[in-house]
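Asks: These protein sequence lines are chains V and S, in that order.
Using the numbering used here, the first residue of the first sequence is number -9, and each one after it goes up by one.
Using the numbering used here, the first residue of the second sequence is number -9, and each one after it goes up by one.
C-beta atoms are modelled at their ideal positions from N, C-alpha and C, and glycine is treated no differently.
Just so we're clear, the structure is a prediction, and the values are computed from it rather than from any experiment.
So that we are looking at the same thing, I have put the structure below in structure tokens.
Number of protein chains: 2
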Amino acid sequence: MPRPLGTGLTMASSKNSPRTNRNVAPGKSQLTRDDWLDAAAGEVAAGGFGNLRVLTLAKKLGVTRGSFYWHFRDHEDLVNSFLDRWRDRRFVELDYMRPKGENPEEELHQLLQLLLTDASRNVRRLQVELAVRDFARRNDYAARLVEEVDEARVEQNKLLFRNLGSVEDQVEELATLMYVATIGSQVVLSGRQGNTDIIRRIEHLVARVALGQGGSTNSGKE
Amino acid sequence: MPRPLGTGLTMASSKNSPRTNRNVAPGKSQLTRDDWLDAAAGEVAAGGFGNLRVLTLAKKLGVTRGSFYWHFRDHEDLVNSFLDRWRDRRFVELDYMRPKGENPEEELHQLLQLLLTDASRNVRRLQVELAVRDFARRNDYAARLVEEVDEARVEQNKLLFRNLGSVEDQVEELATLMYVATIGSQVVLSGRQGNTDIIRRIEHLVARVALGQGGSTNSGKE
DNA sequence: ACGCGACAATACATTACTGTACGGAATCTC
DNA sequence: GAGATTCCGTACAGTAATGTATTGTCGCGT
Chain V
-9 MPRPLGTGLT
1 MASSKNSPRT
11 NRNVAPGKSQ
21 LTRDDWLDAA
31 AGEVAAGGFG
41 NLRVLTLAKK
51 LGVTRGSFYW
61 HFRDHEDLVN
71 SFLDRWRDRR
81 FVELDYMRPK
91 GENPEEELHQ
101 LLQLLLTDAS
111 RNVRRLQVEL
121 AVRDFARRND
131 YAARLVEEVD
141 EARVEQNKLL
151 FRNLGSVEDQ
161 VEELATLMYV
171 ATIGSQVVLS
181 GRQGNTDIIR
191 RIEHLVARVA
201 LGQGGSTNSG
211 KE
Chain S
-9 MPRPLGTGLT
1 MASSKNSPRT
11 NRNVAPGKSQ
21 LTRDDWLDAA
31 AGEVAAGGFG
41 NLRVLTLAKK
51 LGVTRGSFYW
61 HFRDHEDLVN
71 SFLDRWRDRR
81 FVELDYMRPK
91 GENPEEELHQ
101 LLQLLLTDAS
111 RNVRRLQVEL
121 AVRDFARRND
131 YAARLVEEVD
141 EARVEQNKLL
151 FRNLGSVEDQ
161 VEELATLMYV
171 ATIGSQVVLS
181 GRQGNTDIIR
191 RIEHLVARVA
201 LGQGGSTNSG
211 KE
């Protein structure tokens, strides 16, 4: 009964690359753990965690479930590994676009661009994130990871607003508001097309508020 | 093969009250269609539509599945009826708190209160809404209803901001931003406790922006 | 060249859930 | 109060999914 068994419930992703991984380059003669996770991403994006079936993955990969149960202990192991990888990728993503503070306005623009406009391109990623968030409502481990990611992203936003010169008292407010606004727009607009104008409007208003030019919304009856 | 069969896929809720509904008042000797839908609400709130099992509902109601298949054609009929009822309730809810325009500031406060603060009390309703939104990502009918509700709510917000004296150009922006912000905060904060301060901060900032006093976020380097 | 280990196929047992047919009890109608 | 109707129980068939045990097949090292 030999079983490598990935980390499972553990936190770190634990790149399971001790596999020889063959010399066969493009042909998929041998599957790796990440291959299964990639396939799982497609299923999760399409149907959520509830519709994540190992038989479906096997068909998609052109193998039988015998392969799956060598790479993973069981279905739960797949789910937890998937969540771990998701969290890790969100963090390297955050690290990749950490604000350098040289051109805050441009950085804000790029951030909103990534979160809002690019979301319509990165459909897969958006759908996975929404699925994870939904799953987190009934899975404690997922809830923990989502909370970690949320907190890190709000921290990132706070950094940005500090660089923009916002007073410290409102940094937290602005960062939180912008974060829930971006998440909300992804939730509301997911699956809609022709939303680029709405997105642009949101970006416009958020930018205006963030840059402190937001005093002209009233008609003048002060 | 007698079968009343509720509307199923049709849009209107079509109160199926041609039932005599017995004289037995508190005892649940006879079940109605709404009883099943109420039980379904609990399951949907807890596990989403994917975990909505008719056997579970039957146990919860103290009957067997034989009752279910009299009241509903099949599982899909239950889901569609549930969605119909959900949409209808969202609309009467909107109608109930339609802004009268007499005291816009107070109305804004009450709206935010309902959407944000009260959400932590109304857990069941919040969870159902999130489940419906998630289900809408892979169910066309649910997607249609959610879109209808979203649009109606944004319209409501626009009405409010017009009453607040915002210039028409920014009414749409403000209404949309506030809507996605509220949805996003529900998504992000669902299942967290001790979020009342965060919610209050968001409310504060949204109110400030909406009332046009938002020009003081910058530190002064214009 | 053979034997070991990584990886996958096959077959089987089990469980959970749906839908349907039919029968029975309670209640309304006339 | 007899019969039709409403509502629910029971029993059965069928499907889909998981997990496990066992066997089979590559490919590498020596």
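1. Note down the Cα distance separating Ala30/S from Gln20/V, rounded to an integer number of angstroms.
2. Let me know if Ala15/S comes out buried or exposed under the rule of 16 or more other beta-carbons within 10 Å of its beta-carbon.
3. Return the CA-CA distance between Asp159/V and Trp60/V, expressed in angstroms with no decimal places.
4. In chain S, which residues lie with their C-beta within 8 Å of the C-beta of Glu96/V?
5. Going along chain V in order, which residues have a C-beta closer than 8 Å to the C-beta of Ala171/S?
6. Have a look at Tyr131/V and Asn70/V and give me their C-alpha separation to the nearest angstrom.
7. Does Ser110/V come out as helix, strand or coil in the three-state DSSP assignment?
8. In this structure, does DSSP put Ser71/V in helix, strand or coil?
9. Which residue from Val161/V, Glu163/V, Leu179/V, Ala121/V puts its Cα closest to that of Asn41/V?
10. Do the segment 151 to 171 of chain V and the segment 91 to 103 of chain V touch if we need at least three Cβ pairs shorter than 8 Å?
11. DSSP on Ser19/V, reduced to helix/strand/coil?
12. Taking Cβ positions only, does Gln114/V come closer than 9 Å to chain S?
13. Which residue from Met87/S, Val118/S, Asp64/S puts its Cα closest to that of Val177/S?
14. Using a Cβ-Cβ cutoff of less than 7 Å, which residues in the same chain neighbour Glu97/V once the five nearest sequence positions on both sides are dropped?
15. I want to see whether chain S comes within less than 9 Å of His194/V, judged by CB atoms only; does it?
16. Examine chain S for any beta-carbon lying closer than 9 Å to the beta-carbon of Ala29/V, and answer yes or no.
17. What did DSSP end up calling Ser175/V once you bin it into helix, strand or coil?
18. List, in order along the chain, the chain V residues whose C-beta lies closer than 9 Å to that of Ser232/S?
19. Sorted by chain position, which residues of the same chain lie with C-beta nearer than 7 Å to Leu116/V's C-beta, five sequence neighbours on each side aside?
20. Measuring only the C-alpha atoms, how far is Gly174/V from Asp64/V?
21. Report whether the distance from the Cβ of Leu120/V to the nearest heavy atom of the ligand GDP is below 8 Å.
22. I need the straight-line Cα distance from Val213/V to Phe81/V, nearest angstrom please.
23. Just mark Thr0/V as buried or exposed, buried being the case when its beta carbon has 16 or more other beta carbons within 10 Å.
24. Taking the alpha-carbon of Thr46/S as reference, which of Phe125/S, Glu33/S, Thr166/S, Glu83/S has the nearest alpha-carbon?
25. In the DSSP assignment, find the alpha helix (DSSP H) that holds Lys50/S and state where it starts and stops.
26. Closer than 6 Å by C-beta to Arg114/V: which residues in its own chain qualify, once you throw out the five before and the five after it? Chain order, please.
27. What's the call for Arg111/S, buried or exposed, on a 16-neighbour Cβ count within 10 Å?
28. Under the assumption that Arg191/S contacts Tyr169/S (Cβ atoms under 8 Å), give the Cβ distance between them as a whole number of angstroms.
29. List the residues of chain V whose Cβ lies closer than 7 Å to the Cβ of Gly91/S, in chain order.
30. Would you kindly work out how many angstroms separate the C-alpha atoms of Arg198/V and Arg23/V, rounded to a whole number?
31. Within the same chain, show all residues whose beta-carbon is closer than 6 Å to that of Lys148/V, passing over the 5 residues directly before and after it, in chain order.
32. Skipping 5 residues on each side, what residues in its chain have a beta carbon closer than 7 Å to that of Phe39/V?
33. From Leu104/S to Leu84/S, what distance separates their C-alpha atoms?
Replies: The answer reads as follows:
1. If I take the Cα positions, the gap works out to 44 Å.
2. At Ala15/S the pLDDT is 37, less than 50, meaning the model places this residue with poor confidence; the figure from the coordinates comes in the next sentence. Burial call: exposed.
3. 54 Å
4. For Glu96/V, no chain S residue has a Cβ inside 8 Å of its Cβ, as the nearest lies near 17 Å away.
5. Leu167, Val170, Ala171, Gly174
6. 8 Å
7. helix
8. helix
9. Ala121/V
10. yes
11. coil
12. Reading off the sequence shown, one finds Arg at residue 114/V, where the question assumed Gln. Chain S contact via Cβ: absent.
13. Cα-wise, what sits closest to Val177/S is Val118/S.
14. Pro89, Leu150
15. yes
16. No, its Cβ sits nowhere closer than 9 Å to a Cβ of chain S.
17. helix
18. Because chain S here runs from -9 to 212, residue 232/S falls outside it and cannot be looked at.
19. Ala109, Gln176, Ser180
20. 34 Å
21. Ligands in the displayed structure: none, and consequently the ligand GDP is not present.
22. Here chain V comprises residues numbered -9 to 212, so residue 213/V is not present and cannot be evaluated.
23. Unreliable placement is indicated for Thr0/V, whose pLDDT of 37 sits below 50; the coordinate value is still reported in the next sentence. When all chains shown are included, Thr0/V counts as exposed.
24. Glu33/S
25. 44 to 51
26. Ala35
27. exposed
28. Contact doesn't hold; Cβ gap of about 18 Å is too wide.
29. Residues of chain V passing the Cβ test: none, with the nearest at roughly 14 Å.
30. About 46 Å.
31. The answer, listed in chain order, is Val161, Ala165.
32. Taking Phe39/V as the centre and dropping the five residues before and after it, the same chain places the C-beta of Val69, Ala121, Phe125 closer than 7 Å to its C-beta, in chain order.
33. Those two C-alpha atoms are separated by around 11 Å.
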